Structure formats: C-alpha cells, structure tokens
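Since the structure comes first, as structure tokens, the remarks are kept for the end.
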Amino acid sequence: MHGSWDVSQLDDPCRTLTQQGVAQVLAVPVNPPRKVDSWPPVCAFGLTPGFGPLAPSISPAVTEYLYVLDDSATSGREDFERDRSNPAVVEPVTGIGDDAYWTPDKTELQVISGKTHVITKFGGAKPPVDAKAKAIALARIALPRAIPR
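Numbering (the numbering used here), first residue to last: 762 to 910.
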C-alpha cells in the first residue's frame with residue numbers, strides 16, 4: 762500500500778499537459794489545471810467553465826472534467842495490469858506507448874511505456890464527442906512529459 766508515501770513529494774501530474782494544449786485538442790474552453798493530492802496524484806481540468814450546462818448561476822460552474830494521472834513507480838505497471846483485468850470491457854489501442862487500452866464505460870485511456878503509466882479520463886455526464894480519439898491525442902502529448910529523465 763502507498764500509505765507511507767508523501768504524495769505531495771511526487772511529481773506534479775500537471776506538468777504533463779497545459780491548459781492551452783487541452784483546449785486545443787478538445788476545442789472547448791478549459792479551466793487552469795489543478796493538482797489533487799491522491800494516489801497517484803491527479804491533474805484535473807474543468808471543461809465547462811463559466812455558466813455550466815445544467816443551470817445558469819452567478820458563480821461559475823464546472824460539470825465536466827479531464828483527469829490526467831501518471832505513475833513511474835513499480836506500482837504503475839501493476840495498476841495498468843490490474844485495471845485491464847477488471848470486468849469492464851476494454852478495447853486495445855495501438856500506436857501509443859508499449860501497450861494501451863480504452864475502457865468505454867469509464868471514458869478512460871490507460872497507457873504504459875516502460876515503467877511509466879499514464880491515464881487520461883473524462884469525468885461527468887457528457888464526455889466529449891470522439892472521447893477515445895481525444896484521450897489518445899492528449900496521452901500522446903502527456904506521455905513523453907511523464908517519463909522520468
């Protein structure tokens with residue numbers, strides 16, 4: 762278990778994608794990235810800034826998110842393999858990393874390259890059109906930035 766690890770000391774996953782890069786791939790306005798100290802650390806981008814689609818309000822609302830996670834520890838490959846063996850349907854993805862798969866029910870792409878594990882995942886009720894293709898495009902940007910130097 763990772764309980765003894767201080768996640769605040771791990772690499773910031775927000776180094777892997779920029780607000781401008783995400784906005785360009787998704788063709789929507791994007792909030793600045795926000796690091797969430799979880800295991801592994803997560804970078805969250807709000808995809809519906811301003812007045813959200815559910816109900817206009819005085820304060821900005823965000824109802825859809827893009828999450829980016831990376832893990833280059835031994836646990837990265839273990840998590841990649843474990844998640845692939847879960848009962849959800851997974852679709853193999855080629856042309857990125859050493860191995861990759863898409864989980865449609867989770868709108869989630871998982872990629873492994875060497876020991877680096879990257880996940881791009883959409884959260885919310887309305888993932889973008891062509892979510893799989895967009896997740897792959899984002900992972901192509903994030904993966905080289907996630908690999909330790």
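Cβ atoms here follow ideal geometry from the backbone N, Cα and C, with glycine treated the same way.
On a predicted model such as this, the values are computed, not experimentally measured, just so you know.
For residue i, the nearest candidate out of the options (CA to CA)
i, options, result
"V829", "Q785, G885, K876, E869", "E869"
"S846", "T864, R906, A896, G856", "T864"
"L899", "Q770, C804, W800, D772", "C804"
"V879", "V791, K887, S836", "S836"
"S874", "P794, Y826, P888, P905", "P905"
"W800", "D767, N792, D860", "D767"
"L827", "C775, F806, A886", "F806"
"P774", "T881, E842, N792", "T881"
Residues that DSSP places opposite residue i in a beta bridge
i, result
"P919", "The structure shown does not extend to residue 919, since the chain is modelled only from 762 to 910, so the question has no answer here."
"I902", "I902 pairs with nothing; no bridge assigned."
"E869", "T864, K882"
"K796", "C804"
Secondary structure of residue i, DSSP reduced to three states
i, result
"G811", "No answer about G811 holds up, because its pLDDT of 49 lies below 50 and its placement is not dependable."
"S874", "strand"
"I819", "Residue confidence is low: I819 scores 49 on pLDDT, short of 50, so the model does not pin down where it sits. Its coordinate-derived value is still stated next. Of the three classes helix, strand and coil, the one that applies to I819 here is coil, per DSSP."
CB contact flag (residue i, residue j, <9 Å)
i, j, result
"F883", "A892", "yes"
"I902", "L787", "no"
"D866", "V850", "yes"
"T809", "V789", "yes"
"P794", "D772", "no"
Burial state of residue i, where buried means 16 or more other Cβ atoms lie within 10 Å
i, result
"D831", "buried"
"V797", "exposed"
"I897", "buried"
"P909", "exposed"
"V872", "buried"
"T855", "exposed"
"A861", "buried"
Residue-level contact to chain C via CB, residue i, 9 Å cutoff
i, result
"K876", "In the structure shown, chain C cannot be found, because there is only a single protein chain."
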